Ligand SMILES: [Ca+2]
Ligand SMILES: [Ca+2]
């Protein structure tokens, strides 16, 4: 008995994940099995995460975006993603509720994690997102958002308008265009 075996998912984490994601116990257990196969150490490194993204975006440069996404899900700031952080990430990017997605978008944009979003951070994320878009797709974008800077300007003025200059209130906006 005891909890020396690392292969079982603790009841505590399971209950916690069921509550915060609405995934079923079965689903979570299955993901845990897969996670353990792919990731015997139980932790995903930034490099492994980049590789996952590179597989999804083979024709573009996904590295900087992957780095930002990784940061936004590494909630305990230890430089790796554990199973719990991974499942929350999965939930957020697939079936998550809008409010949860906005919370995530906020932490994605808050590059230095100080609780505020500034324009430099918005520009940085827009640049990372742009690198995901293949070149030929970029040329089809509307004139007012066909560069990372234009996109950042647009997004920034949207935040400003919404929040009356209160840049720390972006959690309350209902559409971040990302
Ligand atoms: Ca972590
Ligand atoms: Ca910040």
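Numbering (UniProt numbering), first residue to last: 1 to 178.
Cβ coordinates follow ideal geometry from the N, Cα and C atoms, glycine included.
Nothing here was measured: the structure is a model prediction, and the numbers come from that model.
Grouping DSSP H, G and I as helix and E and B as strand, with all else coil, what is residue 28? Mapped onto the chain shown, residue 28 falls at position 28. It is helical.
Pick out whichever of 102, 84, 98 has its Cα sitting closest to the Cα of residue 44. Here residue 44 refers to the residue found at position 44 when the chain shown is read from its first residue. Distance check between residue 44 and each of 102, 84, 98 places 84 closest, using alpha-carbon atoms only.
Note the first and the last residue of the continuous alpha helix (DSSP H) segment covering residue 67. Residue numbering aside, residue 67 sits at position 67 when the chain shown is read from its first letter. Here the alpha helix (DSSP H) through residue 67 covers 63 to 73.
Sequence-ordered residues whose beta carbon comes within less than 6 angstroms of a heavy atom of ligand 1: These are the residues, in chain order, with a beta carbon less than 6 angstroms from any non-hydrogen atom of ligand 1: 74, 76, 78, 80, 81, 82, 85.
Could you say which of 140, 136, 162, 128 lies nearest to residue 53 if we only look at CA atoms? Translated into positions along the chain shown, residue 53 becomes position 53. The residue with the shortest Cα to Cα distance from residue 53 is 128.
Span of the alpha helix (DSSP H) holding residue 98? On the chain shown, residue 98 is found 98 positions in, with the first residue counted as 1. Looking at the DSSP string, the run of the alpha helix (DSSP H) that includes residue 98 is 98 to 109.
Report back the beta-carbon spacing between residue 62 and residue 17 to the nearest angstrom; my notes put them in contact at under 8 angstroms. For the purposes of this step, residue 62 is identified with residue 62 of the chain shown, where counting begins at 1. For the purposes of this step, residue 17 is identified with residue 17 of the chain shown, where counting begins at 1. Rounded, the Cβ-Cβ distance is 27 angstroms, inconsistent with contact.
Sufficient close CB pairs (3 or more, under 8 angstroms) joining the region 101 to 108 to the region 134 to 142: no
Given 6 angstroms as the limit, tell me if residue 124 has its C-beta closer than that to any heavy atom belonging to ligand 2. Within the chain shown, numbered from 1, the residue matching residue 124 stands at position 124. No; taking the cut-off as 6 angstroms, the Cβ of residue 124 has no heavy atom of ligand 2 nearer than that.
Give a yes or no on contact between the region 107 to 125 and the region 148 to 162, applying the rule of three or more CB pairs nearer than 8 angstroms. yes
If contacts are defined as beta-carbon pairs under 8 angstroms, then residue 31 and residue 117 qualify, I think. What distance do you get, rounded to the angstrom? Along the chain shown, read from residue 1 onward, the residue named residue 31 stands at position 31. Along the chain shown, read from residue 1 onward, the residue named residue 117 stands at position 117. That belief does not hold up - the Cβ atoms of residue 31 and residue 117 are roughly 31 angstroms apart, past 8 angstroms.
Simplified DSSP assignment, three categories, for residue 44: If you number the chain shown from 1, residue 44 lands on position 44. If DSSP states are grouped into helix, strand and coil, residue 44 belongs with the strands.
Would you say residue 153 touches ligand 2, meaning its beta carbon is less than 6 angstroms from a heavy atom? Start at 1 with the first residue of the chain shown, and residue 153 comes out as number 153. No - ligand 2 has no heavy atom lying nearer than 6 angstroms to the Cβ of residue 153.
If distances are taken between C-alpha atoms only, which option among 78, 57, 90 comes closest to residue 46? Translated into the one-based positions of the chain shown, residue 46 becomes position 46. Minimum Cα distance to residue 46 is reached at 78.
I think residue 60 touches residue 134, with their Cβ atoms under 8 angstroms apart; what is that distance to the nearest whole Å? Along the chain shown, one-based indexing puts residue 60 at 60. Along the chain shown, one-based indexing puts residue 134 at 134. Between residue 134 and residue 60 the Cβ distance is about 5 angstroms, and since that is below 8 angstroms, they are a contact.
Checking 7 angstroms against the spacing of the C-beta atoms, do residue 48 and residue 66 come in under that value? Sequence index remark: in the chain shown, residue 48 carries index 48 (1-based). Sequence index remark: in the chain shown, residue 66 carries index 66 (1-based). In this structure, residue 66 does not lie closer than 7 angstroms to residue 48 by Cβ.
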